[in-house]
Amino acid sequence: MKPYSDGTVMNRDFLRSAFRSMLLARILENKLSSLYKAGKIVGGVYLGRGQEAVSACLGTSLIQGTDFFAPLIRDQAGRTAFGEPLIDCTRTYLGSVEGPMRGRDGNIHRGRPSMGMPAMISHLGAQVPVVAGMLFAKRLQGTLAGRVGATCIGDGATSTGAFHEGLNLAAIEGLPLVIVIGNNQFAYSTPNHRQFACKDLVEKAKGYGVGGFSVDGTDLLACASVIGEAVKRAREGGGPQMVVARLLRLSGHGEHDDGSYVPSEIRNGHYGRDCIEVAMRQLVENQLATVDEIFAWQDEFGDDVQRAVAQAQQEAVPDPYQEDWTALATRFPIPQPIFP
Amino acid sequence: MPTVPILMPQLGESIAEATVIRLGIAVGDAVRTDQEIIEVETNKAVMGVTTLCDGVVSELRAQEGVSYSVGTLLGLLEVTDAEVARTGVESLESIETKRIASQQASNPTQAEANLHFALDDDAYEEAPAVVPSVKGLPVPTGVLGAHYISPRMRARMDDLGIREADISAIVGTGAGGRVTVEDLERFLDYLDAWPSSPASPMRLAVADAMRRSWTRPLATVGLPLLLDRALDHRRGQNPKPGLTLYLLRAFALALTESPATAGYLIGDKVVHPRSFDIGVAVQVEDGVLVPVVRKVDQKPLAELVAEYDDLVDRARRRRLTEQDCSGGIATVTNFGTFGLTTGTPIPLPNETLILGIGAGAKRPVWSAQIEAFVPATEADLLLTFDHRVVDGGGAGVLLNRVAALLQKPADL
Amino acid sequence: MSVTYIDAIREAQEKLLREDDRVFLYGQDIATFGGAFKATKGLAEQFPNRVFDAPISEDAMIGMAVGAAIEGMRPIVEMQFADFSSLAFNQLVNQAATHFYRTGVPIPITVRLPSGGTPGSGPFHSQSMEGIYAQYPGLVVLTPATVSDAYHMLLDGVALDDPVIFCEHKFLYRWLKAKSINGDHLPIGQARITRPGKHATVVAYSAMVHEAVRAADRLAQDGWEIEVVDLRSVKPLDLDTILASVARTGRLLAVGEAFPWGGVTAEVIARVSEEGFHLLDAPPQRLNARDTPVPYHPKLWAAHRPTPESICEALRKLLSF
């Protein structure tokens, strides 16, 4: 255990685990990008390149089976860290009927709500009150203690009414909600100065009466420390916590977009550095992992990804003749009781 | 002095009534405008009922602890005329005057246009004169009988295998004199008492063709035809062509001169004949068959005899193929063979023309040559046509041409 | 002692809170204040920590209910007015309505919408939203017209595993009274023949059922026997009962208080034309509110929505075709 510069202690297992999630996510997403460019994927591919450190640290801070995690579109690392099986991802992207969404919804919309991971809808900010509601249910059931719910959003989603309403509601109820805002400086192509007028998004935390943290989202050690602290405070009853992570997405909005609107001074600036490279150096320099280990992980994950892709590709696609074509859980007509 | 009512106000949406919890006034008290005089409680809140003008309480109907529905008269104020003018309040007297005026102006059903008000809320006694927003659906006027067949009526007729023409006997009792399903059922019940037999497939086929044909405006023209030359010519032939074949050949030749006369009108165009193939009506058991002789205009009479005889023979034996009966542009019918002298032939539904001939009869005809009457055989030659395609003039030219050709049988 | 429509709604919620610990109530001003219409009067005191005041955040209220439903609760959300549910539209139609289809996890939430016009309520406190929600797959839309239905259908709606839009009519809240909540208890999705007849069918729902019955009473004086069908639930739509009625009468008028473009009446007409064309003696007709916002003044309002008078007029035209 080594001390951070702020005096807190580096958790070896946490950092190795978070890094492994980052690496697996990066390898998986590179594969998805390649499958997309080979025409194998129906629909869009939205990647978390450059945002893995933030996402992985949040996912690693959460406990599957206890906590709730509502990922957004750049959270492959967080999903992996939270425990989403690799096959869920490849099945969904490749349209296997065995996947969690069964072909009814695609790619990053996948989720397993009954396992604490709700399935996002495209409308940004909409998952904030949902996670609040999951926590609220646990309070009513008397099992909230020690639990947190977390969701990730981007700088663009902070402009939505849903974000405002959801965070305000969670604050009123004092729920253990952690909102991690990945400020990647562009909402699709819209820069920060067309998105909000405050100096730093974290200023908003004060207005909502919630805890606020800022972190360099390209720095794994900083993310681990800050996000870990935010989750800890929420878990210990400190109410909602907001973390604003400054970073840059290292790809387009989706794989259909080249991100050419990002000015080169930003791309070549501090936040343009690749968090996975930073993390690798941090791990090696702090003797948390060896170079050999990292290479071994890379090979292992490459094989894992290839296997998951191969399996999903061999599975059946949904059959419109087998689909029940009903959006309701209830089967109407409801028979009338003969002896009411 | 005018009397102004104190009414239970509407104290919030969906509030139907309120309970008086305190009366702040007594009879004889002077009250001022906007004074809270009665405290009431709804299931939402406690509120005050205020006055609209200065006045003196002349009557108090409300009691503490009792609930009153919205619009109930709680009490009365006596108010000066000057105060009424100043505040614009409505006095009982002016309300009554307005009510009588509105009753005289509008009919009683309008006065209860919105029953919620009329039933539940006296305050809205002058109900709004609602203009019904009903549109569309023209009311049928002057449409009598079976002209309109509703989808329901059509479905029932299809169930029963009944066509529109079949129900012409029924007098409708529905809206606009329409025949209803009930009328139809009643008629069928009535017919049940009558003897009946099943119609043969041949009968039904003819019936269908005739119904369809009859949807068009058909007209018939005729002239007397001298048959002697044709009959004389026929006697010299071996094998002998039937008289009908002479007509067939003359009809085809005449039509080549004005093919559009046999055209079929569809939409905004007339479809012309491609080939002068003429049908001949052959009476068979319980029906009529119409085999078609091909390219009648291109074959001299003698060449047609065998083909014609074969078709007629096979028709009588019911051995015609569908092809034998298709593609005709007009038909010839010789009802003279039944001893009938005249008639109104009906063309096939897919044809515009039918040429008919009645039985010949001996008549004295004046011969200019020998300055005396000579006996001649004369028959009615009739042409029925679809008046949409041909007019009387055109039909007459065609018929006269046929008659003229028949006077030179050797050329046929 | 009589029971009003809103008493029935309150009593149903009381029973649900008493008997099902998965149920909680969430809405603006519903706790100590008892709700804008008093539909939850006294429930907060009776059931501590089960009835909660919500911030004025319609979107978050529904999002929160969805999250709670994922975790096994059965929230009942009160929108203060149906009109305000437009602010929760996204969570309702995109989150709640799609959830079961997408993930297989049902969302048993019930959203109570105080619907329809009352005199003086104006454009933003009078709307009828049932047609809009019925358009979206994944929602059940209920429109009770009677005191008894208000009670039973709320209980049954909460018991369903699907999101339920419960359209309760504000006009009926206190105007409609019954001697008691009777035992006539049809399952959700089944329409009721409110009044039998043989000359024409009026399909109506919610407050319009009462207007249709009044119109039928008047026409009865002229010898017409009008059948009134109360849809009860607009989605699912009980087409069997509608078709059976049209088969008896041959004539159809669909009456709704919502705006005229599309909606429930249009759906009824379309379905009957599709599947029951052969039953019709006359073109099926519909009668709705006018194509303007709901006007504020009672006189305009009363002429904006169908009335017994305009229903009679439409029926007379229909009967004379």
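Chains as they are written, first to last, in the numbering used here: chain S, 21 to 360; chain G, -4 to 407; chain L, 755 to 1075.
Every residue, glycine too, gets a C-beta built ideally from N, C-alpha and C.
Note that the structure is a prediction, hence the values are computed from the model and not measured.
Bridge partner(s) assigned by DSSP for P370 (chain G): G:P359
Cβ contact (3+ pairs, closer than 8 Å) linking the region 88 to 97 of chain S and the region 251 to 267 of chain S: no
Proximity to P338 (chain S) [Cα-Cα], best of S:I107, S:S116 and S:A217: S:S116
Interface flag, A1008 (chain L) vs chain G, CB-CB below 8 Å: no
Beta-bridge partners of K795 (chain L), as assigned by DSSP: Note: K795 (chain L) sits in no beta bridge, so no partner.
Exposed unless 16 or more other CB atoms sit within 10 angstroms - verdict on A1056 (chain L): buried
Interface flag, V134 (chain G) vs chain L, CB-CB below 8 Å: Confidence in V134 (chain G) is poor, its pLDDT being 46 and thus under 50, which makes the residue's placement unreliable; the coordinate value appears in the next sentence. Taking Cβ atoms only, chain L reaches closer than 8 Å to V134 (chain G), which makes this a yes.
Test item: CB-CB of G186 (chain S) and A152 (chain S) under 8 Å: yes
Contact between the region 944 to 962 of chain L and the region 1006 to 1025 of chain L (3+ Cβ pairs under 8 Å): yes
As assigned by DSSP and simplified to three states, the class of F778 (chain L): strand
7 Å CB neighbourhood of E36 (chain G) in its chain, flanking five on each side removed: A13, T14 and I16
Near-chain L residues of the region 5 to 20 of chain G - C-beta to any C-beta below 9 Å: Q5, G7, E8, S9, I10, A11 and E12
Nearest to V277 (chain G) (by Cα), restricted to the options G:R229, G:F330 and G:L248: G:F330
Contact with chain S by N848 (chain L), beta-carbon distance below 8 Å: yes
Residue nearest to R36 (chain S) in terms of C-alpha spacing, selected from S:A73, S:S53 and S:E118: S:A73
Local conformation of Q218 (chain S) per DSSP, three classes: Before going further, note that residue 218 (chain S) is Cys rather than Gln in the sequence given. Note: C218 (chain S) maps to coil in three-state DSSP.
Alpha-carbon to alpha-carbon, M962 (chain L) and E159 (chain G): 40 Å
Proximity test, Cβ basis, 8 Å: Q356 (chain S) and chain L: yes
Test: S1074 (chain L) CB closer than 8 Å to a CB of chain G: yes
Secondary structure of P829 (chain L), DSSP reduced to three states: strand
Through-space distance from K1053 (chain L) to P196 (chain S), alpha-carbon basis: 52 Å
Three or more C-beta pairs below 8 Å linking the region 171 to 182 of chain G and the region 334 to 342 of chain G: no
Secondary structure of E118 (chain S), DSSP reduced to three states: coil
Min CB distance F89 (chain S) to chain L below 8 Å: no
Three-state secondary structure assigned by DSSP to Q1039 (chain L): strand
Partners in chain S for L909 (chain L), counting only beta-carbon separations shorter than 7 Å: Under the 7 Å cutoff, chain S gives no residues; its nearest Cβ is about 13 Å from L909 (chain L).
Where L1034 (chain L) meets chain G, residues with beta-carbon distance less than 8 Å: S145, P146 and R147
Between the CA atoms of M262 (chain S) and D29 (chain S) - distance to the nearest angstrom: Checking the sequence shown, residue 29 (chain S) turns out to be Val, not Asp. Distance between the alpha carbons of V29 (chain S) and M262 (chain S) is about 22 Å.
In chain order, each alpha helix (DSSP H) run of at least 4 residues that lies wholly inside the region 169 to 240 of chain G: 176 to 186, 196 to 208 and 223 to 230
Where the region 20 to 40 of chain G meets chain L: residues whose CB sits under 8 Å from a CB there: N38 and K39
Alpha carbon of V894 (chain L) to alpha carbon of I816 (chain L), nearest angstrom: 15 Å
Residue(s) in a DSSP beta bridge with E31 (chain G): G:T45
Same chain, Cβ closer than 6 Å to S191 (chain G), five either side skipped, listed in chain order: none
Same chain only: Cβ atoms within 7 Å of D115 (chain G), ignoring 5 sequence neighbours per side: Caution applies to D115 (chain G), whose pLDDT of 34 falls short of 50 and renders its modelled position unreliable; the value that the coordinates give is listed next. Once the five neighbours on either side are set aside, D115 (chain G) has no close Cβ partner at all.
Buried/exposed call for M755 (chain L), threshold 16 Cβ in 10 Å: exposed
Identity of the residues DSSP links to C172 (chain S) by a beta bridge: S:V200
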